[in-house]
Amino acid sequence: FDWKLWPAFIAFLIFVLATLEVPPFEVAHHNHADIMEGYLIEYSGAPLALFEITDALKIVVLSIVFQIFFFPSIIVSDIVINFLWFIVKTLLLVAFIALAHASLASFRADQEFKFLIFVPIPLALTSLILVILSVKGLI
98 FDWKLWPAFI AFLIFVLATL EVPPFEVAHH NHADIMEGYL IEYSGAPLAL
148 FEITDALKIV VLSIVFQIFF FPSIIVSDIV INFLWFIVKT LLLVAFIALA
198 HASLASFRAD QEFKFLIFVP IPLALTSLIL VILSVKGLI
């Protein structure tokens, strides 16, 4: 893992959590019974289950993409062991996302916007500049 990718690693992790809308990037919902909102209100049964399965699949797919970008390791030449290692890494990333979902508090919408503008975007741009300078042979 190259040191020039650490800012991209942190930025991508933040963007994955924001894409999945897990805390701290989940818009706080009211706990009052008379306030109802969102597109899932009108669904129940099988259609609601499809939405829930889609959310779970987003977690798995983004964990796999995250792993492919930042942890593409092959430990032995045996494909079965490598596949099992791939599954273990994916499960660890899914567990990390579940832990973040269970333990972090939510931002307000304005705090979330400011955080996403001022933290991960500069980190991603810094990593991009570092990689460009590395490719040019300047670092």
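Under my numbering, think of the first position of the sequence shown as 98, with each following residue one higher.
Yeah, the Cβ is synthetic: ideal placement off N, Cα and C, and Gly gets one too.
- request: Note down the Cα distance separating Val-228 from Pro-219, rounded to an integer number of angstroms.
  value: 14 Å
message: Taking its Cβ as the centre, do 16 or more other Cβ atoms sit within 10 Å of Ala-108, making it buried, or is it exposed?
response: buried
task: Apply the 10 Å Cβ neighbour rule to Ile-156 and answer buried if 16 or more other Cβ atoms are within range, or exposed otherwise.
output: buried
task: State the Cα-Cα distance for the pair Phe-112 and Tyr-140, rounded to the nearest angstrom.
output: 28 Å
query: Who are the Cβ neighbours of Trp-182 in its own chain at under 6 Å, not counting the five residues just before and after it?
result: Ile-172
message: I need the DSSP call for Leu-235, collapsed to helix, strand or coil.
response: coil
query: Leaving out five residues before and five after Ile-236 in sequence, what residues of the same chain have Cβ atoms less than 8 Å from its Cβ?
result: Lys-101, Leu-227 and Leu-230
- prompt: According to the neighbour-count rule (16 or more other Cβ atoms, all chains shown, within 10 Å of its Cβ), is Ile-138 buried or exposed?
  reply: exposed
message: Helix, strand or coil, according to DSSP, for Ile-165 in the structure here?
response: helix
- request: Out of Gln-208, Phe-167, Val-232 and Leu-201, state which residue places its alpha-carbon closest to the alpha-carbon of Ala-105.
  value: Phe-167
message: Along the chain, where does the alpha helix (DSSP H) containing Leu-190 start, and where does it finish?
response: 176-200
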